[in-house]
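Novice: All letters in the sequence shown, in the order written, are residues 2 to 448 by my numbering.
Sharing a structure with you now.
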Amino acid sequence: MASWKGRWRRRTVVSVALAAVLGITGTGRAVPPPPPNPSDSEIDSSRQAAESGAAQAGVLANQLAEAEARLTALQDDVEVKLEDANKALVDLQAAQDAVSEAERDAQTAARVADSAGAAVEAARQNLDRFVAASFQQGSTLGSISAYVGADSPRDLLARAQLLTAVSQSQFNVLQDLQRAQTDKGNADAAARAALQAVQQRQADVTQAKAGADAALAAAVQAQQSQATRAGQLEADKAAAEQRLYDAQSRLSGLQGQRQRYRDWLAQKQRDDDERARQAALAAPSASGNGPSVRKPPPREQRPSAPAGATVGTVIARALSQVGVPYAWGGGNAYGPTLGIRDGGVADSFGDYRKIGFDCSGLLIYAFAGVRPLPHYSGYQYALGRKVPLSQMRPGDLLAWSTAGRIHHIALYIGNGQMVEAQQSGTLVKVSSVRYGGILPFASRLIG
Numbered sequence: 002m003a004s005w006k007g008r009w010r011r012r013t014v015v016s017v018a019l020a021a022v023l024g025i026t027g028t029g030r031a032v033p034p035p036p037p038n039p040s041d042s043e044i045d046s047s048r049q050a051a052e053s054g055a056a057q058a059g060v061l062a063n064q065l066a067e068a069e070a071r072l073t074a075l076q077d078d079v080e081v082k083l084e085d086a087n088k089a090l091v092d093l094q095a096a097q098d099a100v101s102e103a104e105r106d107a108q109t110a111a112r113v114a115d116s117a118g119a120a121v122e123a124a125r126q127n128l129d130r131f132v133a134a135s136f137q138q139g140s141t142l143g144s145i146s147a148y149v150g151a152d153s154p155r156d157l158l159a160r161a162q163l164l165t166a167v168s169q170s171q172f173n174v175l176q177d178l179q180r181a182q183t184d185k186g187n188a189d190a191a192a193r194a195a196l197q198a199v200q201q202r203q204a205d206v207t208q209a210k211a212g213a214d215a216a217l218a219a220a221v222q223a224q225q226s227q228a229t230r231a232g233q234l235e236a237d238k239a240a241a242e243q244r245l246y247d248a249q250s251r252l253s254g255l256q257g258q259r260q261r262y263r264d265w266l267a268q269k270q271r272d273d274d275e276r277a278r279q280a281a282l283a284a285p286s287a288s289g290n291g292p293s294v295r296k297p298p299p300r301e302q303r304p305s306a307p308a309g310a311t312v313g314t315v316i317a318r319a320l321s322q323v324g325v326p327y328a329w330g331g332g333n334a335y336g337p338t339l340g341i342r343d344g345g346v347a348d349s350f351g352d353y354r355k356i357g358f359d360c361s362g363l364l365i366y367a368f369a370g371v372r373p374l375p376h377y378s379g380y381q382y383a384l385g386r387k388v389p390l391s392q393m394r395p396g397d398l399l400a401w402s403t404a405g406r407i408h409h410i411a412l413y414i415g416n417g418q419m420v421e422a423q424q425s426g427t428l429v430k431v432s433s434v435r436y437g438g439i440l441p442f443a444s445r446l447i448g
């Protein structure tokens, strides 16, 4: 009998406990259905796609930078070739002017030489007529008729002297004309030689001009071809960045689903624990001496306030400054401040007269309620834990570098966007993440 009563009491306890549990379940808060739980392979595949997309975007960004540098060099080459073509054009015009002048000089020299030749010929004909009308005796020319007509010996002598003087004058004139003809002939030959020289110079310059024009055309074609390649790379880079954004969005969505599933599991476990605790409190003790005094199962230590709340504050503080001017050296934990001089670009934009933020100053203000930051982007980036860009999340820092030196930093706010104070002449703004020159890891200061 005692054995039967013991079994009956145990059944009663179990029945009451089950009834209590069923009663709580029937009247308590209904447990929602579980949210989707993506598999590890789906998350890993999405993560690999995001990392591959980041790598591809980085490669294309480097190729685009190289293409743009090459384009700049080719543009410089075009300008050099253009100046060479201009020089060749000036040289060609000068050569053409020199040829025209040499042609005029040669024509003038030829006319003078022809005139001198005509004068010599006329003098020779006069001399021939004189010789034909006289005869030569020794070294003296004389005319028989002139001697025969003399009235006296004295008159005869005078006529002989006159004939000698005339003949000598004829010879002198002929000799002078022959020398003039020789000089003019030499001048004519020199003019023709000069003409040939400048004509050769013109031919050389014309050839040089053709070469310069061909070099210019080739340089322009190379520059245009490179511009086309740079444009294609720019389009490819934009497409790769879009694919990266899509991959990161998918990864973020899957990770969000996984986190919501974990939250659901945790909540379900808490609900199960609470129902079990209520059932245990409602059931009578096995000895029949009233309700059992059982301690609830131990709970885990409640975590501190979630990091998201702090991240939200940081992002909200940064977004509150959108529209504030960029000022190099500006910004502190209390807000925008007057910029400082840099002796260069910032001064040319008058940053030292503006009240605003630079890139690191904006982050000092955003994180003021969390932790103090130095006013240097490189030091700020170094403070955080490094995570791949494919795993970046709101509140992370993104940095850009050139030749290993960080020159810009921004705050990632999610959905492929960031808030930044980019450069002189701009305002604090929200931008799409730029992957050209970006460091491959985000810096996480929170979480």
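Built from N, CA and C at the ideal position, the CB exists for glycine as well.
Please read these numbers as outputs of a predicted model, since none were measured by experiment.
(1) With burial defined as no fewer than 16 other Cβ atoms inside 10 Å of the residue's Cβ, what is the status of D397: buried or exposed?
(2) Leaving out five residues before and five after A367 in sequence, what residues of the same chain have Cβ atoms less than 7 angstroms from its Cβ?
(3) What's the gap between the Cα of D41 and the Cα of I410?
(4) For the candidate residues S402, S432 and W401, whose alpha-carbon lies nearest to that of P416?
(5) What number of angstroms, rounded off, separates the C-alpha of R372 from the C-alpha of R71?
(6) My understanding is that V113 touches A188, with C-beta atoms under 8 angstroms, so please give their C-beta distance in whole angstroms.
(7) T73: buried (16+ other C-beta within 10 angstroms of its C-beta) or exposed?
(8) Just the C-alpha distance for A192 and S116, rounded to the nearest angstrom, thanks.
(9) Looking at S425: is its Cβ nearer than 8 angstroms to the Cβ of A347?
(10) Anyone know if the C-beta pair for A231 and A68 falls short of 8 angstroms?
(11) Between A50 and the rest of its own chain, which residues show a CB-CB distance below 8 angstroms, the 5 nearest in sequence each way excluded?
(12) Measuring alpha carbon to alpha carbon, tell me which of E421, Q162 and G437 ends up nearest K430.
(13) In terms of alpha-carbon separation, which member of K82, L158, E102 and V174 lies closest to A120?
(14) Can the beta-carbon of G362 be found closer than 8 angstroms to that of G385?
(15) Does the Cβ of S153 have 16 or more other Cβ atoms within 10 Å, making it buried, or fewer, making it exposed?
(16) For a minimum of 4 consecutive residues, which ranges assigned as the alpha helix (DSSP H) are wholly contained in the region 194-255?
(17) Exposed or buried, which one is G345 when buried takes at least 16 other CB atoms within 10 Å?
(18) Given a cut-off of 8 angstroms, decide if A241 and A61 are closer than it, judged by their beta-carbon atoms.
(19) Could you check the C-alpha separation between L215 and Q94 for me, to the nearest Å?
(20) How long is the line joining the alpha carbons of V199 and A190, rounded to whole angstroms?
(21) Between the alpha carbons of A267 and R259, how many angstroms are there, rounded?
(22) Could you check where the beta strand (DSSP E) with A367 kicks off and where it finishes?
(23) For R342, I'd like the list of residues in its chain whose CB is within less than 7 angstroms of its CB, leaving aside the five on either flank, ordered along the chain.
(24) Taking the continuous alpha helix (DSSP H) assigned at Y380, which residues delimit it?
(25) Run through DSSP, which three-state label would Y413 get?
(26) Please report the distance separating the alpha-carbon of A166 from that of L178.
(27) Should T109 go down as buried or exposed, given a rule of 16 or more other Cβ atoms within 10 Å for buried?
(28) Whole beta strand (DSSP E) runs in the region 415-443 with 3 or more residues, listed along the chain?
(29) CB-CB under 7 angstroms to R180, same chain, minus the five flanking residues each way: which ones, in chain order?
(30) Note down, in chain order, each residue of its chain lying with its Cβ closer than 6 angstroms to the Cβ of A209, except the 5 sequence neighbours on either side.
(31) State the DSSP-derived secondary structure class of G357, mapped to helix, strand or coil.
(32) Between L217 and Q64, what straight-line distance do the alpha-carbon atoms span, to the nearest angstrom?
(33) Just the C-alpha distance for I365 and Y380, rounded to the nearest angstrom, thanks.
(34) Taking 6 angstroms as the limit between beta carbons, can you name the residues of its chain near G437, skipping five residues before and five after?
(35) Under a Cβ-count criterion, where at least 16 other Cβ atoms within 10 Å of its own Cβ denotes burial, should K387 be classed as buried or exposed?
(36) In chain order, what residues of the same chain have a beta carbon less than 7 angstroms from the beta carbon of T338, not counting five sequence neighbours either side?
Specialist: Checking against the coordinates, here is how it stands:
(1) D397 comes out buried.
(2) For A367, where only same-chain residues beyond five positions count, the Cβ hits under 7 angstroms are V315, R318, A319 and L412.
(3) C-alpha separation (whole angstroms): 33 angstroms.
(4) Reading off the sequence shown, one finds Asn at residue 416, where the question assumed Pro. It is S432 whose Cα lies nearest to the Cα of N416.
(5) Inter-residue distance for R372 and R71 is about 44 angstroms (C-alpha atoms, whole angstroms).
(6) Right, the Cβ-Cβ distance comes to about 7 angstroms (below 8 angstroms), so this counts as a contact.
(7) Exposed: under 16 other Cβ atoms inside 10 Å.
(8) About 16 angstroms.
(9) With a cutoff of 8 angstroms on beta-carbon distance, S425 and A347 are scored as near each other.
(10) Cβ distance < 8 angstroms, so A231 and A68 count as in contact.
(11) So the list reads A248, R251 and L252, once near-sequence residues are dropped.
(12) Residue E421 is the option with its Cα nearest to K430.
(13) Per the Cα distances, V174.
(14) G385 is positioned such that its CB atom lies no closer than 8 angstroms to that of G362.
(15) With a 10 Å radius around the Cβ and a threshold of 16 neighbouring Cβ atoms, S153 comes out exposed.
(16) Runs of the alpha helix (DSSP H) inside the region 194-255: none found.
(17) So G345 counts as exposed.
(18) Correcting the residue identity first, residue 61 is Leu in this sequence and not Ala. Between L61 and A241, the C-beta spacing is below 8 angstroms.
(19) The question names Leu, yet the displayed sequence has Ala at residue 215. Across the structure, A215 and Q94 are spaced so that their CA atoms are roughly 18 angstroms apart.
(20) Looking at the two C-alpha atoms, the distance is approximately 14 angstroms.
(21) Rounded to whole angstroms, the gap between the alpha carbons of A267 and R259 is 12 angstroms.
(22) Unbroken run through A367 is the alpha helix (DSSP H), C360 to A367; no beta strand (DSSP E).
(23) Beyond the five residues adjoining it in sequence on each side, R342 comes within less than 7 angstroms, by CB distance, of D348 and Y353 in the same chain, given in chain order.
(24) Where Y380 is concerned, the enclosing alpha helix (DSSP H) starts and stops at S378 to L384.
(25) Of the three classes helix, strand and coil, the one that applies to Y413 here is strand, per DSSP.
(26) Spanning the two alpha carbons is a distance of roughly 18 angstroms.
(27) Burial call: exposed.
(28) With a minimum length of 3 residues, the continuous beta strand (DSSP E) runs that stay inside the region 415-443 are 418-421 and 430-433.
(29) There are no such residues.
(30) Closer than 6 angstroms at Cβ, skipping near neighbours: A89.
(31) Of the three classes helix, strand and coil, the one that applies to G357 here is strand, per DSSP.
(32) Going by C-alpha positions, L217 is about 26 angstroms away from Q64.
(33) The alpha-carbon atoms of I365 and Y380 are separated by roughly 12 angstroms.
(34) Closer than 6 angstroms at the Cβ level, and outside the excluded window around G437, lie A62.
(35) Flag for K387 reads exposed.
(36) Answer for T338: G331, G332 and I356, listed in chain order.
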